[in-house]
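Numbering (our numbering), first residue to last: 41 to 417. The beta carbon of each residue, even a glycine, is placed where N, CA and C say it ideally should be.
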Amino acid sequence: MDLSDTPEEAAFRVRLREWLAEALPALPPKPDPADWPGRRAYDLGWQRTLYDAGYADVHWDASPALRMIFLEESEKAGAPYVGANFVGLLHAGPTIAAEGTDAQRARWLPPILRGEEVWCQGFSEPDAGSDLAALRTRARRDGDDYVVTGSKIWTSHAEVADWCELLVRTDPDAPRHRGITWLAMPMDAEGITVRPLRTLAGSTEFAEVFLDEVRVPAANRVGAENDGWRVTMVTLSFERGTAFVGEVVACRRALRQLACTAKENGRWDDPALRRRLGRLDAEFRALWRLTQWNVSEAAAGGGVPGVGGSVFKLRYSGARQELYDTAADVLGPDALDLDRPWVLDRLSSLSYTIAAGTSQIQRNIVAERMLGLPKGR
């Protein structure tokens, strides 16, 4: 497989680098991490800047190769992360683009691209754990609406979101995977209560969401009723297959900076540490190539990543945790200082073997769907 840039891709890379060099110095100061309304405004402003420059639709309409170049160059240049736009740009948007009707795509995709609306993800539930198919949030049909009752947890960006990609159970008597429906729920609907959750790092990007007889128009259903599990697999394939591309680049940059810090503070003299850094460098190089392979596979498969995303997510989660554990060894006592680089990253890395499907779930997917092993009993 030839992974080098084509002439078209090389030209795109040059144009993007030049534009980033001009655009980034003009950005306003970043808001306080605890100021979520400010962070929402900042993230939407950056998305609007991308839109005006013609780069907003790179996540959907560009080829997978150009998408990779965009994420790689943006991360290298220190451009803002998608932030509050994460669910809309990388989860809900691609799902609606792949599974939605023409009217749904026309309603929801342009505001995401223009930086006008934020989405959150309402998948996980307190009593379901990693077993997403065990969700209990109910939706009964009442005329032109679904009436939704239940609760969600770890709902990303719920406190500043306009819309929620919501999984509900519409047929409680059907087999678990067949009675689920994917809805787009307006977050200003009556009956929604949002309670932010404080993470180990002190941030509140997650929330509990309580739903009490919330009415959601049936026109907001993406896919057929009770076909939500299949639609969800499309969402999760994007989440596991391509959504972490920029983070791999960030980890490779952090690894280089970590090596420089080790040389400055004397930790480089430890041969065991040097071996760890060398092995991590090889690991992230391999993960980058795996990402390129997954993106190429997505291009061949109509734009939707395959189960190879689970292999990537499994390996990346562990590698990220090891990277920041190594950073703690390099920092020594300073690893307890929350104001030092990499300390908050280390705390957030603990969630990566849980988020987007636990490592145990990823191993099951790889075993059953890739290796053809029998399901456990």
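In this structure, the straight-line span from the alpha carbon of Val289 to that of Glu115 is close to 6 angstroms. Pro68 and Arg403 have their C-alpha atoms spaced approximately 43 angstroms apart.
In the three-state DSSP reduction, Ala179 falls in the strand class (E or B). Boundaries of the alpha helix (DSSP H) harbouring Lys116: 104-117, taken from the DSSP string.
Here Asn305 is exposed, its C-beta having fewer than 16 other C-beta atoms within 10 Å. In the structure shown, Glu265 adopts coil according to DSSP, grouped into three states. Taking C-beta atoms as the reference points, Lys192 and Thr210 fail to come closer than 8 angstroms.
Boundaries of the beta strand (DSSP E) around Gly190: 185-192. For Glu230, there is no enclosing beta strand (DSSP E), as DSSP marks it with neither H nor E. Inter-residue distance for Phe352 and Tyr121 is about 20 angstroms (C-alpha atoms, whole angstroms). For the set Asp202, Ala214, Thr189, the Cα lying nearest the Cα of Val208 is the one of Thr189. Between Val256 and Ala247, the gap from beta carbon to beta carbon reaches 8 angstroms or more. Around the CB of Glu113, 16 or more other CB atoms lie within 10 Å, so the residue is classed as buried. Here DSSP, grouped into helix, strand and coil, assigns Ala201 to coil. The beta carbon of Ile136 sits closer than 7 angstroms to those of Gln144, Arg145, Trp148, Leu149, Val262, all from its chain and outside the five residues before and after it, given in chain order.
With fewer than 16 other Cβ atoms from the protein chains shown falling within 10 Å of its own Cβ, Cys300 counts as exposed. The beta carbon of Phe52 is closer than 7 angstroms to those of Leu106, Ile109 in its chain, skipping five residues each way along the sequence. Gly268 is positioned such that its CB atom lies closer than 8 angstroms to that of Trp222.
For Thr141, the number of other beta carbons within 10 angstroms of its own is below 16, and it is reported as exposed. Boundaries of the beta strand (DSSP E) harbouring Val249: 246-257, taken from the DSSP string. The alpha carbon of Leu153 has as its nearest neighbour, out of Arg79, Leu320, Arg80, Thr89, the alpha carbon of Thr89. A distance of 8 angstroms or more separates the beta carbons of Ile220 and Asn260. With a 10 Å radius around the Cβ and a threshold of 16 neighbouring Cβ atoms, Ser389 comes out buried.
Look at Thr210 here: in three-state DSSP terms it is coil, with no helix or strand label. Closest in alpha carbon position to Gln361, among Ser391, Pro414, Asp379, is Ser391.
Looking at the DSSP output, Cys160 shares a beta bridge with Cys204.
The beta carbon of Arg292 is closer than 6 angstroms to those of Phe324 in its chain, skipping five residues each way along the sequence.
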